[in-house]
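A short worksheet on the structure shown next.
In the working numbering, the protein residues as written are 11 to 321.
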């Protein structure tokens, strides 16, 4: 600002212009702010300064912690839902193509029906946490405004305790989802290891029985061995490798969602504590101001009584 004022003074001395020449609004055919026209330097400086202060004020009201947690939550949910859905579809193709499994007729609960149920659950998770992320972001804006203004209304953030409880429950739920997602990663890792050992060790006869993973019942025998043609085609296909890595990315997305929930818990708890302290401080200031006003009224009344007594 000092440099700008110095430049204005030097231009004023060179051109013989007064301060009012810089600050007086005037029209220009090329626009209101033309740096080449020295007479508009003052109003250009004022306009830029006003825009800068406005931008700083707007940026100061953004809840950056909630924004980071929301971005992390959306990224984790997107990875989990998108990659998990495609990995389940790839699992269905692998079971039908290489393990020669077929859907059971009727309403029997088989592995394919369970996979369809998991897909619908993924749709629900994506929609629910999209809305929940927006709600937490809005609550962050309200809370940030209440924190920066000590005279804000405390009722704006009364839903903070509810969000803390919900976020804690969702964090536990995502921990369970993360543990559950690690199961197919473990299964595909075993299958990938068998394929790798088959290519490294000649003459190895390894088998993979789906009964040990609970995919089929004990009475059914769905076993595939390294000597079979289906096993060799499955190991050579890119579908197995793609499905395995999709499950890994889905597991990483679930872990990111857990981190986002923990971040939200810290943000909500800190905001609640700050707003609660601000509310207590406001009540203290109100009581103090009321007592001072009462003391002032008492002294004024006594002074009037003494004055009346003397007169």
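The beta-carbon is built from N, C-alpha and C at its ideal position, and this holds for glycine as well.
- Taking C-beta atoms as the reference points, residue 263 and residue 90 count as a pair closer than 7 Å.
- Secondary structure of residue 182 (DSSP, three-state): helix.
- Rounded to the nearest whole angstrom, the C-alpha separation of residue 302 and residue 316 is 21 Å.
- Counting only residues of its own chain and dropping the five nearest sequence neighbours on each side, residue 108 has a CB closer than 6 Å to the CB of 240 and 244.
- Looking at 232, 75, 63 and 66, the one whose alpha-carbon comes closest to that of residue 276 is 75.
- Here the alpha carbon of residue 202 sits roughly 24 Å from the alpha carbon of residue 120.
- Scanning its chain for C-beta atoms nearer than 7 Å, with the 5 sequence neighbours on each side dropped, one finds around residue 215 the residues 235, 236 and 237, in chain order.
- Each residue's CA atom was taken as its position, placing residue 254 and residue 171 some 40 Å apart.
- Rounded to the nearest whole angstrom, the CA to CA distance from residue 219 to residue 231 is 7 Å.
- Taking a 10 Å sphere around the C-beta of residue 148, we find fewer than 16 other C-beta atoms and assign the residue as exposed.
- Assignment of beta strand (DSSP E) within the stretch 220-247, counting only whole runs of 3 or more residues, yields 233-235 in chain order.
- With at least 16 other beta carbons inside 10 angstroms of its own, residue 198 counts as buried.
- With respect to residue 195, residue 258 sits close: the two C-beta atoms are nearer than 7 Å.
- Linking residue 92 to residue 295 through their CA atoms gives a straight-line distance of about 53 Å.
- When 242, 192, 101 and 77 are compared, the shortest CA-CA separation from residue 260 is found for 192.
- For residue 205, same chain residues with a beta-carbon under 6 Å away, outside a window of 5 residues either side, are 245 in chain order.
- The C-beta separation of residue 174 from residue 282 comes to about 7 Å, placing the pair in contact by the 8 Å criterion.
- Look at residue 218 here: in three-state DSSP terms it is strand.
- Classified as exposed, residue 133 has fewer than 16 neighbouring CB atoms from the shown chains inside 10 Å of its CB.
- Between residue 98 and residue 128 a beta carbon distance of about 6 Å is seen, short of the 8 Å cut, so the two are scored as contacting.
- When secondary structure is reduced to three states using DSSP, residue 73 falls in the coil class, being assigned neither helix nor strand.
- A residue is called buried when at least 16 other Cβ atoms come within 10 angstroms of its Cβ; residue 273 meets this threshold and is buried.
- Under the criterion of beta carbons closer than 8 Å, residue 82 and residue 280 do not qualify as touching, at roughly 17 Å.
- Pairing residue 271 with residue 190 gives a Cβ-Cβ distance that is not under 7 Å.
- Across the structure, residue 65 and residue 73 are spaced so that their CA atoms are roughly 15 Å apart.
- Taken atom to atom, the span from the alpha-carbon of residue 88 to that of residue 135 is near 10 Å.
- One thing to note: residue 110 has its Cβ no nearer than 7 Å to the Cβ of residue 256.
- When DSSP states are grouped into helix, strand and coil, residue 110 belongs to the coil group.
- No Cβ-Cβ contact shorter than 7 Å links residue 86 with residue 249.
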